[in-house]
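Written out below as structure tokens is the structure these notes cover.
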Amino acid sequence: MMEEKRLDAALEIKKPCGGRTGRHQKHMEKANIRRNDALRRYNVLRERICRRGGSGGRERGVGGGTREGEQQLQYRAEEESHLQLHTVYQSREMHIGVGFLEHLRFLQQEQEAHAAEMERTFIANKPDGVQRGLISDIIARFERKGFKLVAVKIVAPSKDFAEKHYHDLKERPFFNGLCDFLSSGPVLAMVWEGEGVIEYGRKLIGATDPQKSEPGTIRGDLAVVVGRNIIHGSDGPDTAKDEINLWFKPEELVTYTSNAEKWIYGDN
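Numbering of the sequence shown is given in the numbering used here, commencing with residue 1 and proceeding in unit increments.
This is how it looks when you write it as structure tokens:
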């Protein structure tokens, strides 16, 4: 009993400030198992020494030469237990430390990659699309793909505003016609967010000429002629940025996490 108490005292481990966590408790249980194994081996060896000493072996163990052998065995058991505990906690700390750092690096890389791929694009349902009642159909196509609507409003653009929107086409012969049409009625202005939304948004819209648009695209399914192709979409990152800034104020853009994102992109 005395030897067991001394081993317990030698192997005493302080609780962390916040108490024992589940993982800490498991390691403590493993350490106790190793301590008990060491104590059991010590008792077995002690019994062997006492037997070798004959019938008076146990008495000699109290005041004779056997006591020295018992102490050596006890010290050996204590050292072995200390070594086992040190190995357990050292490997535990290395495992937790290295694993935690690797996990942090992985999360950081995933977040950086996710942030780099997330884009915003400007999409406008032109006056013909609004008047034909195609708003819900167009929104549904972007939503079904997995893109997120972060800004939307109905606008009645003026001719001057339309000219700002089509400023890069100012030298083209059809410039005035485009501006007249865009300012002829209400426009549904939208900003969509998602990975690759600029490029795929263009594919979803289809070719400028509906006659050349593939079936399944918005223009391929819903439009007939170039002058009434119902929808506009930014053709690149710079254009998207300029058009979003033209049509929306910064406070009109909403940043939020959709519950569907983890089902679309996975856990990031």
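Even glycine gets a Cβ: it sits at the ideal position worked out from N, Cα and C.
What's the C-alpha gap between residue i and residue j?
i      : j      : result
THR121 : ARG141 : 15 Å
ASN43  : ASN36  : 10 Å
ALA240 : ILE198 : 8 Å
GLY146 : LYS126 : 22 Å
TYR256 : GLU117 : 16 Å
ALA207 : ILE138 : 16 Å
PHE175 : LYS159 : 11 Å
GLY63  : GLU47  : Note on GLY63: pLDDT 43, under 50, position unreliable in the model; no value is reported.
LYS262 : GLY133 : 32 Å
ARG172 : PRO250 : 31 Å
Measuring CA to CA, which of the options is closest to residue i?
i      : options                           : result
VAL226 : LEU178, PRO237 and PRO186         : LEU178
VAL254 : HIS167, LYS148, GLY196 and ILE139 : LYS148
ALA260 : PHE174, GLU143, LYS30 and ILE138  : GLU143
TYR265 : ASP137, GLU195 and ARG172         : GLU195
ILE135 : PRO173, VAL187 and ASN32          : VAL187
ASP235 : ASP168, PRO173 and ALA38          : ASP168
For residue i, I'd like the list of residues in its chain whose CB is within less than 7 Å of its CB, leaving aside the five on either flank, ordered along the chain.
i      : result
GLY201 : THR121, ILE123, TRP192 and GLY233
ALA162 : CYS179, LEU182 and SER183
ILE205 : THR217, ILE218, ARG219, ILE231 and GLY233
ASP128 : ARG228 and ILE230
Cβ atoms of residue j and residue i: under 9 Å apart, would you say?
i      : j      : result
GLU119 : PRO210 : no
VAL130 : GLY185 : yes
HIS165 : GLU243 : yes
Which same chain residues, not among the five before or five after residue i, have their C-beta less than 6 Å away from its C-beta?
i      : result
ALA223 : PRO210, ASN229 and ILE230
TRP247 : ALA189
SER258 : LYS148
With a threshold of 8 Å on Cβ separation, who are the neighbours of residue i within its own chain once the five nearest residues in sequence on each side are excluded?
i      : result
LYS203 : THR217
LYS170 : GLU163
Tell me, please, whether the stretch 215-223 touches the stretch 152-166 by the rule of three or more beta-carbon pairs shorter than 8 Å. no
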